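Participant: Please find one structure pasted underneath; my questions will follow.
Protein chains: 2
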Amino acid sequence: MATGRTHRPATRSRGIPEATVARLPLYLRALTTLSERSVPTVSSEELAAAAGVNSAKLRKDFSYLGSYGTRGVGYDVEYLVYQISRELGLTQDWPVVIVGIGNLGAALAGYGGFASRGFRVAALIDADPAMTGKPVAGIPVQHSDDLEKIIAEDGVSIGVIATPAGVAQAVCDRLVAAGVTSILNFAPTVLSVPDGVDVRKVDLSIELQILAFHEQRKAGEELGEEAAPQAAAPAAPPAATRTTAEGGRKGPDGDVPAVMPA
Amino acid sequence: MATGRTHRPATRSRGIPEATVARLPLYLRALTTLSERSVPTVSSEELAAAAGVNSAKLRKDFSYLGSYGTRGVGYDVEYLVYQISRELGLTQDWPVVIVGIGNLGAALAGYGGFASRGFRVAALIDADPAMTGKPVAGIPVQHSDDLEKIIAEDGVSIGVIATPAGVAQAVCDRLVAAGVTSILNFAPTVLSVPDGVDVRKVDLSIELQILAFHEQRKAGEELGEEAAPQAAAPAAPPAATRTTAEGGRKGPDGDVPAVMPA
DNA sequence: CCCTGTGAAATTGTTCACAGCA
DNA sequence: TGCTGTGAACAATTTCACAGGG
Numbered sequence: 441m442a443t444g445r446t447h448r449p450a451t452r453s454r455g456i457p458e459a460t461v462a463r464l465p466l467y468l469r470a471l472t473t474l475s476e477r478s479v480p481t482v483s484s485e486e487l488a489a490a491a492g493v494n495s496a497k498l499r500k501d502f503s504y505l506g507s508y509g510t511r512g513v514g515y516d517v518e519y520l521v522y523q524i525s526r527e528l529g530l531t532q533d534w535p536v537v538i539v540g541i542g543n544l545g546a547a548l549a550g551y552g553g554f555a556s557r558g559f560r561v562a563a564l565i566d567a568d569p570a571m572t573g574k575p576v577a578g579i580p581v582q583h584s585d586d587l588e589k590i591i592a593e594d595g596v597s598i599g600v601i602a603t604p605a606g607v608a609q610a611v612c613d614r615l616v617a618a619g620v621t622s623i624l625n626f627a628p629t630v631l632s633v634p635d636g637v638d639v640r641k642v643d644l645s646i647e648l649q650i651l652a653f654h655e656q657r658k659a660g661e662e663l664g665e666e667a668a669p670q671a672a673a674p675a676a677p678p679a680a681t682r683t684t685a686e687g688g689r690k691g692p693d694g695d696v697p698a699v700m701p702a
Numbered sequence: 441m442a443t444g445r446t447h448r449p450a451t452r453s454r455g456i457p458e459a460t461v462a463r464l465p466l467y468l469r470a471l472t473t474l475s476e477r478s479v480p481t482v483s484s485e486e487l488a489a490a491a492g493v494n495s496a497k498l499r500k501d502f503s504y505l506g507s508y509g510t511r512g513v514g515y516d517v518e519y520l521v522y523q524i525s526r527e528l529g530l531t532q533d534w535p536v537v538i539v540g541i542g543n544l545g546a547a548l549a550g551y552g553g554f555a556s557r558g559f560r561v562a563a564l565i566d567a568d569p570a571m572t573g574k575p576v577a578g579i580p581v582q583h584s585d586d587l588e589k590i591i592a593e594d595g596v597s598i599g600v601i602a603t604p605a606g607v608a609q610a611v612c613d614r615l616v617a618a619g620v621t622s623i624l625n626f627a628p629t630v631l632s633v634p635d636g637v638d639v640r641k642v643d644l645s646i647e648l649q650i651l652a653f654h655e656q657r658k659a660g661e662e663l664g665e666e667a668a669p670q671a672a673a674p675a676a677p678p679a680a681t682r683t684t685a686e687g688g689r690k691g692p693d694g695d696v697p698a699v700m701p702a
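First to last, the protein sequences are chains A and B. Heads up: take any position in the first sequence, counting from 1, add 440, and you land on the working numbering. Heads up: take any position in the second sequence, counting from 1, add 440, and you land on the working numbering.
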């Protein structure tokens with residue numbers, strides 16, 4: 441992902457599959473809920489249901505962490521909460537800076553899920569001088585001139601970018617230069633970072649587009665596909681006439697359910 | 441994903457791999473940028489770099505859509521923008537409702553990426569009567585009592601949930617009952633929906649936890665793993681003594697780099 | 001006998017490498 | 001000659017199904 445950074449070259453460390461890592465927080469949340477309800481143990485079936493996955497997958501995932509269950513019984517909730525937390529590194533404190541305190545940055549600053557799981561908002565940073573000193577979610581906003589100093593002083597290694605797309609790469613570069621090695625990017629841009637820096641992206645518009653794709657499919661299945669099969673293709677194909685693409689393989693409707701609107 | 445809904449039972453439709461669908465918006469964004477700069481054509485190499493993927497993957501992805509490139513030349517930017525937009529269903533208008541107008545909901549309402557790509561914010565809905573009528577991002581907030589009416593009148597099929605976790609399932613149920621078939625969920629809960637309804641989740645805290653995992657790994661590689669290998673496990677393991685898990689397989693440090701702190 | 005842990009099979013996704021067209 | 005399109009090799013992930021401990 442990101443741009444640099446292949447996978448995890450040498451040092452495959454322990455080798456917990458990435459897909460499993462991505463689900464651990466899900467399990468942890470479900471377990472936390474059970475813990476609050478003082479449920480002592482869960483079966484893989486129950487926990488899987490609560491986390492929205494299937495039980496075989498859950499058991500396989502847990503098998504990468506070790507044998508933490510009891511056959512015939514299930515998993516001890518408290519113990520598992522601890523093990524997963526430790527595996528995820530949540531038993532330690534992670535100071536985080538949020539850069540770009542617009543609506544989104546403010547929402548993130550006030551998001552309970554941050555504080556609850558070992559993450560501490562060390563600083564809110566914004567380039568607008570008018571924001572400086574203004575408290576957001578109880579934390580005073582600092583000016584971006586001090587970014588490097590703040591990161592160094594607090595030993596911040598995780599940065600959240602909630603700025604406009606235009607400045608995201610510049611902010612990213614400064615964060616990385618100052619020592620940040622993990623970035624959560626909300627700006628709709630591809631960030632390029634040196635090897636060793638992790639970037640995760642959250643992109644609202646992409647998620648919606650994926651939904652639209654499936655939504656369109658649903659509509660096309662019920663009826664016989666309609667919704668403007670092709671109003672008017674903006675530019676014609678590359679060079680030559682449309683011949684190639686039209687007959688070449690798929691084209692606008694290669695093998696859709698095909699019913700022909702009218 | 442979600443809770444119900446297996447994969448896409450019968451009607452495999454055209455069969456564009458899910459992983460490819462998830463990348464199409466990425467390509468589209470890169471292409472749009474090129475289009476704005478009036479670049480006429482791109483090679484798979486260039487486009488891949490702009491989208492942050494490798495070129496073989498990009499070509500393979502495009503091959504599922506059809507043969508839209510020209511050998512020896514590359515892809516026509518405008519034409520490809522159109523083809524991908526159509527494939528994603530962005531050539532039609534998608535009215536969207538956002539439920540829960542807190543900081544996050546407001547950020548979403550004002551997010552440019554929504555309006556720009558065929559998505560139209562049809563309504564903002566909140567349960568707080570004090571919010572009703574108040575304009576957010578230029579759109580007046582409506583009360584959740586009218587949710588069903590709004591959805592029916594505007595023919596909304598995509599809903600965004602930005603409410604507190606506690607009410608997310610209830611909101612989801614109402615949306616689905618009213619006819620919404622795609623949901624983008626920002627609340628930290630697993631939503632359960634009937635078959636045929638798609639749910640995508642965006643979870644800030646999960647992303648951070650994944651970053652923390654990798655961050656921890658990095659720290660553990662440089663030094664010889666430290667950071668409190670296990671301060672004090674909260675509850676002991678299930679029943680019996682720790683024997684099983686400790687010697688059984690992995691336990692707290694099964695095969696970590698192992699250097700022993702002190 | 002219930003429920004975990006896990007090999008092995010099935011599926012999905014990625015990368016390679018090159019044939020072939022413009 | 002340059003770059004797409006794609007079979008085939010490879011890798012990751014999911015699912016099955018069942019051995020085996022409590």
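Note that beta-carbon positions come from the ideal geometry of N, C-alpha and C, so glycine has one too. Values in this document were obtained by computation on a predicted structure and should not be read as measured data.
1. Look at the Cβ atom of B/V630, then the Cβ atom of A/G492, and state whether they are nearer than 8 Å.
2. To the nearest angstrom, how far is the alpha carbon of B/S632 from that of B/L624?
3. Would a C-beta distance cut-off of 8 Å place B/G550 and B/T603 closer than the cut-off?
4. Would you call the CB atoms of B/Q523 and B/Y508 closer than 8 Å?
5. Among the candidates B/L468, B/E458, B/G455 and B/M571, whose CA atom is the shortest distance from the CA of A/S645?
6. Could you please tell me which residues of the segment 634-654 of chain B, in chain order, have their CB closer than 8 Å to any CB of chain A?
7. Given this structure, state the Cα-to-Cα distance separating A/P457 from B/A592, to the nearest angstrom.
8. Assign B/R452 to buried or exposed, taking buried as 16 or more other Cβ atoms, counted over all protein chains shown, within 10 Å of its Cβ.
9. Give me the chain A residues within the contact set of B/L530, using Cβ-Cβ distance strictly less than 7 Å, ordered along the chain.
10. Report the rounded CA-to-CA distance for A/G512 versus A/T473, giving the unit in angstroms.
11. Are there 16 or more other CB atoms within 10 angstroms of the CB of A/G619, so buried, or fewer, so exposed?
12. Check for me: the alpha helix (DSSP H) holding B/F554 runs from which residue to which?
13. Could you say which of A/D635, A/V600, A/V536 and A/V607 lies nearest to A/D568 if we only look at CA atoms?
14. Name, please, each residue of chain B whose Cβ falls closer than 8 Å to the Cβ of A/A462.
15. If you draw a straight line from the alpha carbon of A/N543 to that of B/P628, how long is it in whole angstroms?
16. Establish whether the CB of A/V630 and some CB of chain B are separated by less than 8 Å.
17. Which of the three DSSP states, helix, strand or coil, is assigned to A/A563?
18. Quick check on B/I601: does DSSP put it in helix, strand or coil?
19. Helix, strand or coil: which one does DSSP assign to A/L624?
20. Closest to B/L498 by C-alpha separation, out of B/T460, B/V479, B/F653 and B/T510, would be which residue?
21. Return yes when the Cβ of A/V561 is within less than 8 Å of the Cβ of A/G573, no when it is not.
22. Would A/P465 count as contacting chain B if we go by Cβ distances under 8 Å?
23. Which residues of chain A have a Cβ atom closer than 7 Å to the Cβ of B/A491, listed in chain order?
24. Taking A/K497 as part of the alpha helix (DSSP H), name the residues at either end of that continuous run.
25. Which same chain residues, not among the five before or five after A/R640, have their C-beta less than 6 Å away from its C-beta?
26. Which of the three DSSP states is assigned to A/I579 in this structure?
Facilitator: Taking the structure as given:
1. By one-based count along the second sequence, residue 630 of chain B stands at place 190. By one-based count along the first sequence, residue 492 of chain A stands at place 52. Contact flag set, yes.
2. Mapped onto the second sequence, residue 632 of chain B falls at position 192. Mapped onto the second sequence, residue 624 of chain B falls at position 184. About 13 Å.
3. Locating residue 550 of chain B in the second sequence gives position 110, counting from the first residue. Locating residue 603 of chain B in the second sequence gives position 163, counting from the first residue. Not in contact: B/G550 and B/T603 (Cβ atoms no closer than 8 Å).
4. Position 83 of the second sequence, counting from 1, holds the residue named residue 523 of chain B. Position 68 of the second sequence, counting from 1, holds the residue named residue 508 of chain B. Cβ distance < 8 Å, so B/Q523 and B/Y508 count as in contact.
5. In the first sequence, counting from the first residue as 1, residue 645 of chain A sits at position 205. Ranked by Cα distance from A/S645, the first of B/L468, B/E458, B/G455 and B/M571 is B/L468.
6. G636, D638, R640, V642, D643, L644, S645, I646, E647, L648, Q649, I650, L651, A652, F653 and H654
7. Here the question's residue 457 of chain A lines up with position 17 in the first sequence. Here the question's residue 592 of chain B lines up with position 152 in the second sequence. Distance between the alpha carbons of A/P457 and B/A592: 44 Å.
8. Here residue 452 of chain B corresponds to residue number 12 of the second sequence, with the count starting at 1. With a pLDDT of 33 at B/R452, under the threshold of 50, the modelled position of this residue cannot be trusted; read the value that follows with caution. By the neighbour-count rule (16 or more Cβ atoms within 10 Å), B/R452 is not buried but exposed.
9. Translated into positions along the second sequence, residue 530 of chain B becomes position 90. Correct list: Q649 and A652.
10. One-based indexing of the first sequence puts residue 512 of chain A at position 72. One-based indexing of the first sequence puts residue 473 of chain A at position 33. Answer to the nearest angstrom: the Cα atoms are 23 Å apart.
11. Locating residue 619 of chain A in the first sequence gives position 179, where the first residue counts as 1. Classification of A/G619: exposed, given that the 10 Å Cβ count is below 16.
12. Taking the first residue of the second sequence as position 1, residue 554 of chain B is located at position 114. From DSSP, the alpha helix (DSSP H) with B/F554 extends over G552 to S556.
13. Start at 1 with the first residue of the first sequence, and residue 568 of chain A comes out as number 128. Of the candidates A/D635, A/V600, A/V536 and A/V607, the one whose C-alpha sits nearest the C-alpha of A/D568 is A/V607.
14. Walking along the first sequence from the start, residue 462 of chain A turns up at place 22. Near A/A462 (Cβ distances below 8 Å), the residues of chain B are I646 and I650.
15. Position 103 of the first sequence holds residue 543 of chain A. Position 188 of the second sequence holds residue 628 of chain B. The straight-line gap from Cα to Cα measures roughly 19 Å.
16. To locate residue 630 of chain A, count along the first sequence from 1; it is residue 190. At least one chain B Cβ lies under 8 Å of A/V630.
17. Counting from 1 along the first sequence, the entry for residue 563 of chain A is found at position 123. The answer is strand: DSSP assigns A/A563 an E or B state.
18. As a working note, residue 601 of chain B is residue 161 in the second sequence. B/I601: strand per DSSP, three-state reduction.
19. Numbered from its first residue, the first sequence carries residue 624 of chain A at position 184. In this structure, A/L624 counts as strand in the three-state DSSP scheme.
20. On the second sequence, residue 498 of chain B is found 58 positions in, with the first residue counted as 1. Considering only alpha carbons, the answer is B/T460.
21. By one-based count along the first sequence, residue 573 of chain A stands at place 133. By one-based count along the first sequence, residue 561 of chain A stands at place 121. Contact: no.
22. Counting from one through the first sequence, the residue named residue 465 of chain A turns up at place 25. Yes, A/P465 counts as interfacial toward chain B.
23. Here residue 491 of chain B corresponds to residue number 51 of the second sequence, with the count starting at 1. Using a Cβ-Cβ cut-off of 7 Å, B/A491 is close to V630 of chain A, given in chain order.
24. Here residue 497 of chain A is taken as the residue at index 57 of the first sequence, counted from 1. Element bounds for A/K497: S495 to L505.
25. Taking the first residue of the first sequence as 1, we reach residue 640 of chain A at position 200. Excluding residues within five positions, the ones whose Cβ falls inside 6 Å are L624.
26. Taking the first sequence and counting its residues from 1, the one referred to as residue 579 of chain A is at position 139. DSSP, reduced to helix, strand and coil, places A/I579 within a strand of the structure shown.
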